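Let me begin by presenting the structure, written as structure tokens, before commenting on it.
Protein chains: 2
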Amino acid sequence: MGKTTRLLPGEGTDKRGPDGYLGYLLRQAANGYRHRVETSLRETGLTQPQFAALTMLDAYPEHSSADLARIALLTPQTMSTILRNLENAALIRRHPHQEHGRKRRIELTDAGRQVLVRAKRLVYALETDLAEGFSEEEQRTVRRWLVAAGGRSLEGGATKP
Amino acid sequence: MGKTTRLLPGEGTDKRGPDGYLGYLLRQAANGYRHRVETSLRETGLTQPQFAALTMLDAYPEHSSADLARIALLTPQTMSTILRNLENAALIRRHPHQEHGRKRRIELTDAGRQVLVRAKRLVYALETDLAEGFSEEEQRTVRRWLVAAGGRSLEGGATKP
DNA sequence: TGCCCATTGTCAGAACTCTGATATTAATGT
DNA sequence: ACATTAATATCAGAGTTCTGACAATGGGCA
Numbered sequence: 001m002g003k004t005t006r007l008l009p010g011e012g013t014d015k016r017g018p019d020g021y022l023g024y025l026l027r028q029a030a031n032g033y034r035h036r037v038e039t040s041l042r043e044t045g046l047t048q049p050q051f052a053a054l055t056m057l058d059a060y061p062e063h064s065s066a067d068l069a070r071i072a073l074l075t076p077q078t079m080s081t082i083l084r085n086l087e088n089a090a091l092i093r094r095h096p097h098q099e100h101g102r103k104r105r106i107e108l109t110d111a112g113r114q115v116l117v118r119a120k121r122l123v124y125a126l127e128t129d130l131a132e133g134f135s136e137e138e139q140r141t142v143r144r145w146l147v148a149a150g151g152r153s154l155e156g157g158a159t160k161p
Numbered sequence: 001m002g003k004t005t006r007l008l009p010g011e012g013t014d015k016r017g018p019d020g021y022l023g024y025l026l027r028q029a030a031n032g033y034r035h036r037v038e039t040s041l042r043e044t045g046l047t048q049p050q051f052a053a054l055t056m057l058d059a060y061p062e063h064s065s066a067d068l069a070r071i072a073l074l075t076p077q078t079m080s081t082i083l084r085n086l087e088n089a090a091l092i093r094r095h096p097h098q099e100h101g102r103k104r105r106i107e108l109t110d111a112g113r114q115v116l117v118r119a120k121r122l123v124y125a126l127e128t129d130l131a132e133g134f135s136e137e138e139q140r141t142v143r144r145w146l147v148a149a150g151g152r153s154l155e156g157g158a159t160k161p
């Protein structure tokens, strides 16, 4: 039996690499980047979605869970899950909204603010890696493509006239 | 009518849209595209990862679960989960490999082949949408960026010298 | 006033993805 | 021959994401 040395198809053979399907490359890119982010965030214990939620909450403290879901293009259930985990970790706090009966006000705790400061440094370093090797114009092309590819997916839209 | 109200911050205000962080845009793009793919695949009952796994198995019928995980840049556990669901749905079959004791040979069932034919038509239509509005050169830029962003994430690599 | 409906939030269940741990088998080294 | 290492596959548990279903609140309209 020879040692067929790692001839996995795909190095230049098939749909991998720069010749692959865009959808396939998109999924792998997102998986790979998330993996790198969470490895880097390991010491903070945050996941990529948790980091994104904390960042949004810090920027827009008035927003409800439903608001955040709309901003992030996620379903209310998904955002609810992420916030529940942040609350269990004592990084956010929720208390009943005075005027609006069902709404709840969300706040970062001190621990939440502290961990967010550390996490931002780690993630922004990776963010600059993401642009490395691409000109300003190329980056604009990439951004434009990403926005088009996402395509405001869950836009319940139509609002039925 | 209009109902242009939707004043959530982020239309042109902040980190959303084409000015947002690349990592953030990447996650949203992948989420949105996956959502569109699975909506389109609804009638087949397949998910995007299941579709990818079936496609790979059809192209490389000799490969084991571990091989597929390497090709797709996923962990063996993840690929194992996907294959288990495909097996429960009777779209693939696994029987013990003759020569190699622990390896298992994976095969598409007739149902698996049939569903894959239908799914390919649905997904490839979306794939062309993904390139619409971008020149050949711009598409090359996007592909190159996606490959760099993914960065062969889990490459256990180094193999400890 | 009282009913309809949109908004907000949650529970349940499924699939994907990771880390960590474990068992089994093959290949290798002394 | 025996021990070590590598590869394959799986179990367990956590977090993210969806669909589907439901309760509670608030506003609008007959």
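Chains A and B supply the protein sequences, listed in that same order.
Counting from 1, one number per residue, gives the positions in the first sequence under UniProt numbering.
Counting from 1, one number per residue, gives the positions in the second sequence under UniProt numbering.
Where is the CB? At the ideal position from N, CA and C, for every residue including glycine.
What you are looking at is a predicted structure, and each value in this text was computed from that prediction instead of being measured.
Asked	Found
Can you give me, in chain order, the residues of the region 109-120 of chain B that have a beta carbon less than 8 Å from any beta carbon in chain A?	none
Using the beta-carbon count (16 or more within 10 Å), is tyrosine 124 of chain A buried or exposed?	exposed
So that I know if they touch, is there some Cβ in chain B lying closer than 8 Å to that of alanine 125 of chain A?	no
Within 8 Å (strictly less), CB to CB, does leucine 146 of chain B reach chain A?	yes
Is there at least one Cβ from chain B nearer than 8 Å to arginine 104 of chain A's Cβ?	no
Can you round the beta-carbon distance between glycine 23 of chain A and glutamate 127 of chain B to whole angstroms, since I take them to be within the 8 Å contact cut?	5 Å
Would you verify that the beta carbon of leucine 25 of chain B is, or is not, closer than 8 Å to some beta carbon of chain A?	yes
Tell me which residue opens and which closes the beta strand (DSSP E) that residue 170 of chain A is part of.	Outside the modelled stretch of chain A, which goes from 1 to 161, sits residue 170 of chain A, for which no answer is possible.
Would you verify that the beta carbon of proline 9 of chain B is, or is not, closer than 8 Å to some beta carbon of chain A?	Reliability fails at proline 9 of chain B, whose pLDDT of 43 lies under 50, so the model's placement of it is uncertain and the value that follows must be treated cautiously. It does; some Cβ of chain A falls within 8 Å.
Strictly below 8 Å CB to CB, what residues from chain A border glutamate 138 of chain B?	Thr141, Trp145
Could you tell me which residues DSSP puts in a beta bridge with glutamate 107 of chain B?	B:Arg93
What does glutamine 28 of chain B reach in chain A if we use C-beta pairs closer than 7 Å?	Leu73, Gly150
Taking a contact to mean a Cβ-Cβ separation below 8 Å, would you say isoleucine 106 of chain B touches isoleucine 92 of chain B in this structure?	yes
Residues of chain B with CB under 8 Å from leucine 86 of chain A, in chain order?	Near leucine 86 of chain A there are no residues of chain B at all, since even the closest Cβ is about 17 Å away, more than 8 Å.
Restricting to Cα atoms, I'd like to know which of B:Asp58, B:Arg34, B:Asn85 is closest to glutamine 48 of chain B.	B:Arg34
Quick one: which unbroken alpha helix (DSSP H) runs of 4-plus residues sit fully inside the region 21-96 of chain B? Chain order, please.	22-40, 48-59, 65-72, 76-88
May I ask which residues mark the beginning and end of the alpha helix (DSSP H) holding glutamate 136 of chain A?	136-150
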